[in-house]
Amino acid sequence: MNGLKLIELKEVSKSFGNNSILGDVNLTIEEGDILGIIGRSGSGKTTLLNLVAGFLEPSEGEVLHHFKAAHGPESLHQNLHRIKDLIGYAPQHNSFYPKLTVLENLLHFGQLYKLPKETILNNIKGLLEATDLLSHQNKLAEHLSGGMQKRLDIACSLVHKPKILVLDEPTADLDPMLQKEIMNFLMQVNKQGVTLVIASHHLALLERACNKIAIVHTGRVHSQGHIDEIRKSYSKDNFTLSLSPGDNKERLISILKTLPIDRIIDKDHLLVVHPKNITKTVTGLLTAIQEENLYLHDLDIRHPSLDEIFEIITSREK
Amino acid sequence: MKSIWLLIKKNLRLLVRSKTSALVIFFAPLLIMLLLGLSYDTSSSYGLNIGVYAPAFSEDVESLITSLQEQEFKIIKYETTVDDCVEDIKAGYVHTCLSIPESLQVEDNQQKEVTFYVDPSKINLVWMIQENLGSKFNLKSQEISQGLTSGILTSVADAKTQLSEESTELNGVKEKSSAASASALSVSQQLGALDLNLPASTYNPQALTTIKSSLSLEVENSLVEVDDAREAVEAANITNDAQILNSLNDIETKLEKVDALLSGAVVSATNSTNTSSNSTASESLSSILTLLEQDLTATQNKLTAASQAVISSSSSLSSASQAMQESVGALDNVQQGLGQIKTTLESQKVTDANVISSPLITRIEPVAPESTYLNYLFPALLVLVVMFSSLLLGTTLVMMEKNSPAFFRNYFLPLRKGTFVISTFFTTLLITLVQVVIILGVSMVFLKESIFYMLPVAGVLLLSSSVFSFMGMGIGYAFKSEETGTLASISTGSLLLFVSGVVLPIESISPLVRKITALNPFVISESIIREVFLFNADISAVWVEVASLIGYAVGLFAIILVVEYLVHKHFISGFMKHRHLKHRQQEKRDKNNV
Chain A
1 MNGLKLIELK EVSKSFGNNS ILGDVNLTIE EGDILGIIGR SGSGKTTLLN LVAGFLEPSE
61 GEVLHHFKAA HGPESLHQNL HRIKDLIGYA PQHNSFYPKL TVLENLLHFG QLYKLPKETI
121 LNNIKGLLEA TDLLSHQNKL AEHLSGGMQK RLDIACSLVH KPKILVLDEP TADLDPMLQK
181 EIMNFLMQVN KQGVTLVIAS HHLALLERAC NKIAIVHTGR VHSQGHIDEI RKSYSKDNFT
241 LSLSPGDNKE RLISILKTLP IDRIIDKDHL LVVHPKNITK TVTGLLTAIQ EENLYLHDLD
301 IRHPSLDEIF EIITSREK
Chain B
319 MKSIWLLIKK NLRLLVRSKT SALVIFFAPL LIMLLLGLSY DTSSSYGLNI GVYAPAFSED
379 VESLITSLQE QEFKIIKYET TVDDCVEDIK AGYVHTCLSI PESLQVEDNQ QKEVTFYVDP
439 SKINLVWMIQ ENLGSKFNLK SQEISQGLTS GILTSVADAK TQLSEESTEL NGVKEKSSAA
499 SASALSVSQQ LGALDLNLPA STYNPQALTT IKSSLSLEVE NSLVEVDDAR EAVEAANITN
559 DAQILNSLND IETKLEKVDA LLSGAVVSAT NSTNTSSNST ASESLSSILT LLEQDLTATQ
619 NKLTAASQAV ISSSSSLSSA SQAMQESVGA LDNVQQGLGQ IKTTLESQKV TDANVISSPL
679 ITRIEPVAPE STYLNYLFPA LLVLVVMFSS LLLGTTLVMM EKNSPAFFRN YFLPLRKGTF
739 VISTFFTTLL ITLVQVVIIL GVSMVFLKES IFYMLPVAGV LLLSSSVFSF MGMGIGYAFK
799 SEETGTLASI STGSLLLFVS GVVLPIESIS PLVRKITALN PFVISESIIR EVFLFNADIS
859 AVWVEVASLI GYAVGLFAII LVVEYLVHKH FISGFMKHRH LKHRQQEKRD KNNV
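If you read the protein sequences in the order shown, they are chains A and B. So the first sequence is numbered by our numbering: it starts at 1 and just counts up by one. So the second sequence is numbered by our numbering: it starts at 319 and just counts up by one.
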């Protein structure tokens, strides 16, 4: 992750007719990033991806690419024909020929990138191994399982070894095991130097895989950057007290109220505490429990999840 | 019932909201009706170009041409040779050639033949030409036949009148002949009644011999006396009237002597008989004379009666002769009249019933070598196969690509948009090439044609295939679903076929639409292949048509590129809109569920 800019969106807006989809988007994608784009359905994620991939032209603002360092930043859409071999795109729905075999699909798309056949064959071999499709290479694509099809689709996007791979909902309609499998595969791809831009609903998976995220909501990018920074800016750490029937719940609440906290959420057997200062609060609580000889079944300190951050952002907008 | 109505409403909504489907469903029938209305609202006009060749454009030929022009046939005259006209049929400039004799007047027992030169490969057109021109010629034939029959009837009527006159004449002859016959009969009877037998009397020959001898002697004496008298006359030197008188007197004397001698001879003869000792002889002479007298009397009477009879007969025969002469005159007239009738009848040269009933006959002469119908239909069949396969292939390939999941990925391939169009085109062309090779290969076996003719045919077919492929591709880009696209391709092909002259002759449709259909690539392709395949024309002879097809292909390719570009943009926008809307709806549903 050397921080070299690959694609930059400056004050980008996109609308279809009178229907504004995105507005005032500023986003930078750097080499080696795994950028997760999260947002509700219809929030503009796919439009943002299409702008990043050069598939759409912005209505306002500009999408610049920095692939050709010698030329400086250039309009991505207008120069797309020159940099298509540097971009890979895996749309939400599989984009390959179902009536061709795995190998035929990879060969077809690979050869159209006008790479030497040997390079293509090497790329394909590596991809088949990485996607675990080697033993299925002669199967028709339509006969593959959902997970295999998704892997084939991603492989098709990678066959020409792009610098950046844009993925729209790569784990949609897959079971949790396959979702994890796909994300692992993508992380491997990233390790090979491919910058990833992933739009997904599965925030937990993104949280695990991405180093950066951009939160899109109602056509705006509300937050973007490293995931820890966002986490800090949007939510503080909290802790949960798990209570058993014999625990003195009321006493614990009264002790907590003497400590620096923002709020306590009472969920019967759980007390979710949002402290102002987690260290002071937890230390004070534990000291009080010890002094009063109280019983506590479990105490779980946790960082806020991406899901929670997203919920905070979206609830604010409401 | 309600559910059915709801389903109907849904179907209608879907149809209306799919713009192309709505267009096809609602406007296609109207368009077809409009086209058909325009095409076949021809009343009696036909767009047939008819070449007419005649050794000389006589009044008859011109009259026929005028009658053809009245039916709005376009007439092109060929004055040198019919071959020029035949060549123009092959080139498609004229639809049929008529070889008409200089004169349509039938003068002997030979029917006049009008030859139709037609292109047998245009079966419908041949049928139409036969139908239309045949009726025109039948009319002309009927007209001539009527003239011939009228001529014959006039001759017969004239002959009848003349025969009537001759009949009257013959009646006169008959009467005169009857009268002559009666006269002759009367003469015959009169002459039959005449007794011209000689009296049956017999005379004594001895007595007659004696008398003869006596008379002979006296006559000799008389002759001597006559000689003397002549000598006396000769001897007298008559110088004056007195001498003449003397001489005449002397001669008279001498002649008196002769007379006396002769009288004496008679007396002598009589005496000699009288003095005969035989009394029977004496009697015989007397009786002879008596008998002779009687006989002479009787004979005189008979001759008198005969004379009268002859006079009477002569009169009768004279009148009979006159009657006969008149009859001969009348018969001469009759003969003359019959001669005239004969001449009149002989002047009618057309006597053959077949020629009179059908003075004009038509003959169909195919301009292409005699062959099976398969040969004639072959060009149309080839183009038909190529047209439908190319149209459908073009549409299907574009639809397959458009509806393929990989369509989206293709956008990111470093390829020009034209590359996809060209690849689709060449795919179609390749498949068509295989089809053409198979079809022509099989045809070579069935039609026994050499590969020499098949190669240019294959070339033209590929050119046609290019045009139809681009048309099919255009349809593919214009329609959303594969079903409607296929339907549109089939409809387009059917329309092109319908106005190609294969189903119905183009020449029978209205001039305006005919002009438009002349631009039909099906028609152009078929025309080229017909000329190459049936008439063995060189490609250079059809370069205009070939250039038209190339023009079509290039033009359509350009249009396809533009369409592809526009549709691609449209597709992206549509894709995004659709997706956005779908997500919004999903979001609403999620909210409602919460």
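Backbone N, C-alpha and C define an ideal beta-carbon position, used for all residues, glycine too.
Residue 245(A) bridges to which residues according to DSSP? Stepping through the first sequence from its first residue, residue 245(A) is reached at position 245. DSSP output for residue 245(A) lists no bridge partner at all.
Under the DSSP definition of a beta bridge, which residues are partnered with residue 383(B)? On the second sequence, position 65 is the one that residue 383(B) refers to. Looking at the DSSP assignment, residue 383(B) forms no beta bridge with any residue, so it has no partner.
Contact set between residue 722(B) and chain A, taken where Cβ atoms lie within less than 7 Å: Within the second sequence, the letter at position 404 stands for residue 722(B). Simply 97.
From residue 224(A) to residue 156(A), what distance separates their C-alpha atoms? What you label residue 224(A) is simply residue 224 of the first sequence in a count that begins at 1. What you label residue 156(A) is simply residue 156 of the first sequence in a count that begins at 1. When rounded, the distance between both Cα atoms is 29 Å.
For residue 289(A), three-class secondary structure by DSSP: For the purposes of this step, residue 289(A) is taken as residue 289 along the first sequence, with counting starting at 1. Reduced to three states, the DSSP call for residue 289(A) is helix.
What does the alpha-carbon distance come out to for the pair residue 300(A) and residue 208(A)? Position 300 of the first sequence holds residue 300(A). Position 208 of the first sequence holds residue 208(A). Rounded to whole angstroms, residue 300(A) to residue 208(A) spans 20 Å at the Cα level.
Tell me which residue opens and which closes the alpha helix (DSSP H) that residue 206(A) is part of. Translated into positions along the first sequence, residue 206(A) becomes position 206. That run of the alpha helix (DSSP H) goes 203-209.
Please report how far the alpha carbon of residue 391(B) lies from the alpha carbon of residue 699(B), in whole angstroms. As a first step, residue 391(B) is located in the second sequence; it is residue number 73 there, counting from the start. As a first step, residue 699(B) is located in the second sequence; it is residue number 381 there, counting from the start. Rounded to the nearest angstrom, the two C-alpha atoms are 29 Å apart.
Presumed contact (8 Å Cβ cut-off) between residue 818(B) and residue 838(B), rounded CB distance: As a first step, residue 818(B) is located in the second sequence; it is residue number 500 there, counting from the start. As a first step, residue 838(B) is located in the second sequence; it is residue number 520 there, counting from the start. Residue 818(B) to residue 838(B), Cβ: 6 Å. Contact.
To the nearest angstrom, how far is the alpha carbon of residue 755(B) from that of residue 841(B)? For the purposes of this step, residue 755(B) is taken as residue 437 along the second sequence, with counting starting at 1. For the purposes of this step, residue 841(B) is taken as residue 523 along the second sequence, with counting starting at 1. C-alpha of residue 755(B) to C-alpha of residue 841(B): approximately 22 Å in a straight line.
Grouping DSSP H, G and I as helix and E and B as strand, with all else coil, what is residue 266(A)? In the first sequence, counting from the first residue as 1, residue 266(A) sits at position 266. DSSP places residue 266(A) within a strand segment (E or B) once states are collapsed to three.
Determine whether the beta carbon atoms of residue 873(B) and residue 789(B) lie at a separation below 8 Å. Counted from its first residue, the second sequence places residue 873(B) at position 555. Counted from its first residue, the second sequence places residue 789(B) at position 471. Contact: no.
Integer Cβ distance of residue 87(A) from residue 130(A), believed to fall under 8 Å: Translated into the one-based positions of the first sequence, residue 87(A) becomes position 87. Translated into the one-based positions of the first sequence, residue 130(A) becomes position 130. No, residue 87(A) and residue 130(A) are not in contact; Cβ-Cβ is about 20 Å, not under 8 Å.
Indicate whether at least one CB of chain B lies closer than 8 Å to the CB of residue 310(A). By one-based count along the first sequence, residue 310(A) stands at place 310. Proximity of residue 310(A) to chain B, defined by a Cβ-Cβ separation below 8 Å, is not satisfied.
For a cutoff of 8 Å on Cβ pairs, would you count residue 280(B) as touching chain A? Given a span of 319 to 912 for chain B in the structure shown, any question on residue 280(B) remains unanswerable.
Proximity winner among 18(A), 219(A), 196(A), relative to residue 211(A) (alpha-carbon distances): Residue numbering aside, residue 211(A) sits at position 211 when the first sequence is read from its first letter. Minimum Cα distance to residue 211(A) is reached at 196(A).
Whole angstroms is fine: what's the gap from residue 599(B)'s alpha carbon to residue 581(B)'s? Along the second sequence, one-based indexing puts residue 599(B) at 281. Along the second sequence, one-based indexing puts residue 581(B) at 263. With a pLDDT of 49 at residue 599(B), under the threshold of 50, the predicted position of this residue should be treated as unreliable, though the coordinate-derived value follows. Approximately 21 Å, taken between the alpha carbons.
So, does the CB of residue 84(A) fall closer than 8 Å to a CB anywhere in chain B? The residue labelled residue 84(A) in the question sits at position 84 within the first sequence. Under the Cβ distance rule, residue 84(A) counts among the residues neighbouring chain B, one pair being separated by less than 8 Å.
Going along chain A in order, which residues have a C-beta closer than 8 Å to the C-beta of residue 874(B)? Stepping through the second sequence from its first residue, residue 874(B) is reached at position 556. Neighbours of residue 874(B) on chain A: none; closest Cβ ~25 Å, over 8 Å.
Output needed in chain order: residues of the segment 106-118 of chain A with a Cβ under 9 Å from some Cβ in chain B. 108, 109, 112, 113, 114
Within chain B, partners of residue 170(A) - CB distance below 8 Å: Numbered from its first residue, the first sequence carries residue 170(A) at position 170. Under the 8 Å cutoff, chain B gives no residues; its nearest Cβ is about 14 Å from residue 170(A).
From which residue to which residue does the alpha helix (DSSP H) around residue 153(A) run? Counted from its first residue, the first sequence places residue 153(A) at position 153. Residue 153(A) -> alpha helix (DSSP H) spans 146-158.
Ends of the beta strand (DSSP E) at residue 367(B)? On the second sequence, position 49 is the one that residue 367(B) refers to. Note, residue 367(B): beta strand (DSSP E), 367-371.
State the Cα-Cα distance for the pair residue 440(B) and residue 701(B), rounded to the nearest angstrom. The residue given as residue 440(B) occupies position 122 in the second sequence. The residue given as residue 701(B) occupies position 383 in the second sequence. Looking at the two C-alpha atoms, the distance is approximately 14 Å.
Could you pull out every residue in the same chain whose Cβ sits closer than 6 Å to the Cβ of residue 265(A), ignoring the five residues on either side in sequence? Along the first sequence, read from residue 1 onward, the residue named residue 265(A) stands at position 265. Hits under 6 Å: 272.
Determine whether the Cβ of residue 154(A) lies closer than 8 Å to any Cβ atom of chain B. Counted from its first residue, the first sequence places residue 154(A) at position 154. Cβ-Cβ to chain B under 8 Å: no for residue 154(A).
Taking the continuous beta strand (DSSP E) assigned at residue 179(A), which residues delimit it? As a working note, residue 179(A) is residue 179 in the first sequence. From DSSP, residue 179(A) is part of no beta strand (DSSP E) but of the alpha helix (DSSP H) over 176-191.
Strictly under 8 Å for the Cβ-Cβ distance: is residue 732(B) near chain A by that measure? Taking the second sequence and counting its residues from 1, one reaches residue 732(B) at position 414. With 8 Å as the cut-off, residue 732(B) counts as an interface residue toward chain A.
Look up residue 87(A) in the DSSP assignment and give the residues it is bridged to. As a working note, residue 87(A) is residue 87 in the first sequence. Beta-bridge pairing links residue 87(A) to 164(A).
Which same chain residues, not among the five before or five after residue 255(A), have their C-beta less than 7 Å away from its C-beta? Taking the first residue of the first sequence as 1, we reach residue 255(A) at position 255. These residues qualify, in order along the chain: 285, 288.
Alpha carbon of residue 913(B) to alpha carbon of residue 783(B), nearest angstrom: For residue 913(B) there is no data in the structure shown, the boundaries of chain B being 319 and 912.
Could you check whether the Cβ of residue 394(B) sits closer than 7 Å to any heavy atom belonging to the ligand MN? Summarising the ligand content, the structure contains no ligands, and the ligand MN is consequently not present.
For residue 94(A), would you say it is in contact with chain B, using Cβ-to-Cβ distances shorter than 8 Å as the test? For the purposes of this step, residue 94(A) is identified with residue 94 of the first sequence, where counting begins at 1. So, interface residue.
Is the CB-CB distance between residue 576(B) and residue 544(B) below 8 Å? If you number the second sequence from 1, residue 576(B) lands on position 258. If you number the second sequence from 1, residue 544(B) lands on position 226. The answer is yes: Cβ separation under 8 Å.
Could you tell me the alpha carbon to alpha carbon distance between residue 426(B) and residue 656(B), rounded to whole angstroms? Within the second sequence, the letter at position 108 stands for residue 426(B). Within the second sequence, the letter at position 338 stands for residue 656(B). Going by the C-alpha atoms only, they are around 23 Å apart.
Residue 729(B), DSSP secondary structure in three states: Residue numbering aside, residue 729(B) sits at position 411 when the second sequence is read from its first letter. Looking at residue 729(B) - three-state DSSP - the assignment turns out to be coil, as it is neither helix nor strand.
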